[in-house]
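Chemist: Protein chains in written order, with my numbering: chain A, 592 to 845; chain B, 16 to 344.
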Amino acid sequence: MEINFTAIYILWLREMKRFLRSWSRMVSTLIMPLFFLVFLGFGFKGAFIPGVGYTKDYIFFLVPGVIGMTLISTSIIAGLSVLWDREFGFLKEIMVAPVSRVSIAIGRIFGGMTTSLIQAILIFLIALGMGFKIPGFLSFILALLVMALISAGFIGLGLIFASIFKDIQGFGMIMQLIIMPLMFLSGALFPLSNLPKFLRYASYLDPLTYGVESLRKVLVGHCFLPSWLNFFATFLFPIITVFLGAFFFEKSEI
Amino acid sequence: MASILVENLVKVFNGLRAVDGISFEVKEGELFGLLGPNGAGKTTTLNMLATLIRPTSGKAFVSGFDVFRERNKVRKSIGMVFQEPALDNYLTGRENLEFHGMMYGLKRKEAKERVKEALKIVELEEFADKLVQTYSGGMKRRLEIARALVHQPKVLFLDEPTLGLDAQTRRKIWEYIKKLNKEKGVTIILTTHYMEEADFLADRVAIIDFGKIVALDTSENLKNLLGGDVISIEVDNWQNAKKVFEKLPWVKKLNHENGTFYLQVEKGEEKIPLLIKIDEKEAGFKIKSINLRKPTLEDVFLYFTGRTIREREASQAERFRERAKRHQR
């Protein structure tokens, strides 16, 4: 398997240029997590929420969740962007180049990770402005690491979907049927202990649950499930999806 | 040495033989045309040679590399212009080309230089730093031709290079293509369903229909094959006319389409008086108009397939629709 670094770099650079030139798209993906952050954050300020436990201020529960929400939607969209390239013909230009499919997938994943992290950091900065605090700089660095893993995992998932669905008709469906349920099941907005048993079990199948839990651990020092399980799952998820995503992408023809 | 060698190449899509065992050879430095209606299998052939889709069976070599096993080497040696635009609209023209150069392993500096040259050839320097979004269809096509040159390929694949362009732009594109072939010695294989395009550009033309090559030669030789001129006659009663025309000993081939007959004859100008002398009452039809033409590739296509290219496109579209319906059930 041949890894082509120049190609990875130029694919990444392309994602950056596109990102910087289409502010409107970023605004439209950030608007939902931003609303959750601002309205729930201020709306439930000081409210007692059963099951939160470690903090009296809901915002210390909410912020890691909203960052997780931002990551899942921006990352899946980044993975699915293959569909737009296919629609607008540019995928052919990429596929006819003498570059291994794996390099193409890697370039796309790095590009998507960068844009997705930039957006998550924006949300994080807004949260700081709303009174959110972290223990120190180290926890920010660790959070970046966790964010990168979550992002890579969902970009891989997006790549898998993009290779299966093949056309943009599937795009809206994935957004509705995958992102929304994963978001709500992850316990980003409320403690999972409040959910009925069957929903709680479903949430254990949601990779974002462990991502949000890991973020909570590094950002506010507390999580509900065992830490080792959270970190292990957060680490394992991108390995599986990136591998499968690259595999399906390799198999796909134009 | 053969630049492209194709032997008995087949591609089956959902049980449909889109390319049905074609063979041909393109010499180095040649400008080779694949002429045929939409859906005849031209693009599929090109995509197989460009390693974008895997052939079902057969053999194919590009610049001496096997399209089955040496896909990366094939990719490196070819440049391709697709039928539909394949540009990133959020990048400028120059950025699209630099992206291409680096995907083909050029260093940044080298890429920049080559891009400059390529933009010059298609006279797009002025617009190079505008977003592709703002380009017209003709500019996009020129940019794509320039892009295909950035990595200096030995072989250039052009899939319907002037599809949907106005006559003036088409002329311009033809000039670029000729120039590339003659001055830079690039081997070019192009597909088209425009007769004039194949006639004007290609050294040799392969006529392809229903996934098979029905004729292959220089357009001059192909036209000579018809053995002369074509008289087209419009009549008011085609059944009666047919009976008469079929009996004329000097008609080499008779085709009929929408009330118009196409008679292949030698020395057409001497045959027209004979046709006019036919007794209207006895024959039971009137001649409405008569026209003499020296043969074109259109006639060659008609000769080999029994249909004009436009009719064939209509019937193939129908065939595909029927198949699509069957596959949905």
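Every residue gets a Cβ at the ideal spot worked out from N, C-alpha and C, and that includes glycine.
1) State yes or no: is the beta carbon of R699 (chain A) nearer than 7 Å to at least one beta carbon in chain B?
2) Determine the direct distance from the alpha carbon of E295 (chain B) to that of K301 (chain B), and round the result to whole angstroms.
3) Of the residues B:G116, B:K26, B:E43, which one's Cα is nearest the Cα of S18 (chain B)?
4) Would you mind stating whether S707 (chain A) and S742 (chain A) have Cβ atoms separated by less than 7 Å?
5) Find the residues of chain B that neighbour V690 (chain A), judging by a C-beta separation of less than 7 Å, and give them in chain order.
6) Check whether the Cβ of V687 (chain A) lies closer than 7 Å to any Cβ atom in chain B.
7) If you follow the beta strand (DSSP E) that H271 (chain B) is part of, which residue opens it and which one closes it?
8) What does N104 (chain B) reach in chain A if we use C-beta pairs closer than 8 Å?
9) Any beta carbon of chain B sitting closer than 7 Å to that of K757 (chain A)?
10) G73 (chain B) and G120 (chain B) look like a contact to me (Cβ under 8 Å); what is the Cβ gap, rounded to whole Å?
11) What do you reckon, are the CB atoms on G747 (chain A) and V833 (chain A) nearer than 7 Å?
12) At what residues does the alpha helix (DSSP H) containing G720 (chain A) begin and finish?
13) Any beta-carbon of chain B closer than 7 Å to the one on T825 (chain A)?
14) Counting Cβ pairs, one atom from each stretch, are 3 or more of them under 8 Å apart for the stretch 661-675 of chain A and the stretch 752-767 of chain A?
15) Output the distance between the C-alpha atoms of K57 (chain B) and V89 (chain B), rounded to the nearest integer angstrom.
16) Mind pulling the chain B residues with CB within less than 7 Å of T597 (chain A)?
17) Any chance the stretch 687-705 of chain A sits against the stretch 766-783 of chain A, with 3 or more Cβ pairs inside 8 Å?
18) For the alpha helix (DSSP H) containing G152 (chain B), name the first residue and the last one.
19) According to DSSP, is Y277 (chain B) part of a helix, a strand, or is it coil?
20) Check whether the Cβ atoms of G680 (chain A) and E99 (chain B) lie closer than 7 Å to each other.
21) The beta strand (DSSP E) spanning T207 (chain B) covers which residue range?
22) Just the C-alpha distance for P851 (chain A) and T800 (chain A), rounded to the nearest angstrom, thanks.
23) Rounded to whole angstroms, what is the Cα-Cα separation between A837 (chain A) and V618 (chain A)?
24) So which residues of chain A does R90 (chain B) contact, with C-beta pairs closer than 7 Å?
25) Can you give the Cα-Cα distance for L796 (chain A) and R86 (chain B), rounded to whole angstroms?
26) Of all the options A:H813, A:E804, A:L604, A:L621, which has the alpha carbon lying nearest to the alpha carbon of I712 (chain A)?
27) Using a beta-carbon distance below 7 Å, is P605 (chain A) in contact with chain B?
28) Short check: CB of S794 (chain A) to CB of L783 (chain A), under 7 Å?
29) I'd like the span of the alpha helix (DSSP H) that includes G321 (chain B), first residue to last.
30) For E40 (chain B), which residues does DSSP report across the bridge?
31) As a quick exercise: from A:G802, A:P787, A:R616, pick the residue whose alpha carbon is nearest that of F826 (chain A).
32) Here's the rule: buried if 16 or more other CB atoms are within 10 angstroms of the residue's CB, otherwise exposed. What is I222 (chain B)?
33) Helix, strand or coil: which one does DSSP assign to N306 (chain B)?
34) Does the beta carbon of I601 (chain A) sit closer than 7 Å to a beta carbon anywhere in chain B?
35) Locate the alpha helix (DSSP H) running through V609 (chain A), then write down its first and last residues.
36) Excluding sequence positions up to five away, which residues of its chain have a Cβ less than 6 Å from the Cβ of G153 (chain B)?
Modeler: Per the coordinate set shown:
1) Output row for R699 (chain A): interface = no.
2) The alpha-carbon atoms of K301 (chain B) and E295 (chain B) are separated by roughly 6 Å.
3) Among B:G116, B:K26, B:E43, the Cα nearest to that of S18 (chain B) belongs to B:E43.
4) A contact, by the Cβ cut-off of 7 Å.
5) M118
6) yes
7) Its beta strand (DSSP E) spans residues 268-272.
8) F679
9) Against chain B, the CB of K757 (chain A) has no partner CB under 7 Å away; the residue lies outside that interface.
10) So it is not a contact: roughly 30 Å between Cβ atoms.
11) yes
12) 692-720
13) So no, T825 (chain A) is outside the interface.
14) yes
15) K57 (chain B) and V89 (chain B) have their C-alpha atoms roughly 19 Å apart.
16) M117, G120
17) no
18) 152-164
19) Note: Y277 (chain B) maps to strand in three-state DSSP.
20) Remark: C-beta atoms of G680 (chain A) and E99 (chain B) approach each other more closely than 7 Å.
21) 202-207
22) Only positions 592 to 845 of chain A appear in this structure, which leaves residue 851 (chain A) out of reach.
23) Take the alpha-carbon of A837 (chain A) and the one of V618 (chain A): they are about 29 Å apart.
24) V687, A688, P689
25) 40 Å
26) Ranking the options by Cα distance to I712 (chain A), first place goes to A:L621.
27) Here residue 605 (chain A) is Arg; the residue named in the question, Pro, does not match the sequence. True, the Cβ-Cβ gap to chain B drops below 7 Å.
28) yes
29) Taken as a continuous stretch (DSSP letters only), G321 (chain B) belongs to no alpha helix (DSSP H), as it is neither H nor E.
30) B:L20
31) A:G802
32) buried
33) Note: N306 (chain B) maps to strand in three-state DSSP.
34) yes
35) Per the sequence shown, residue 609 (chain A) should be read as Arg rather than Val. Taken as a continuous stretch (DSSP letters only), the alpha helix (DSSP H) holding R609 (chain A) covers 596-612.
36) Within the same chain, Cβ atoms closer than 6 Å to the Cβ of G153 (chain B) are found at L180, T184, the five residues on either side in sequence being excluded.
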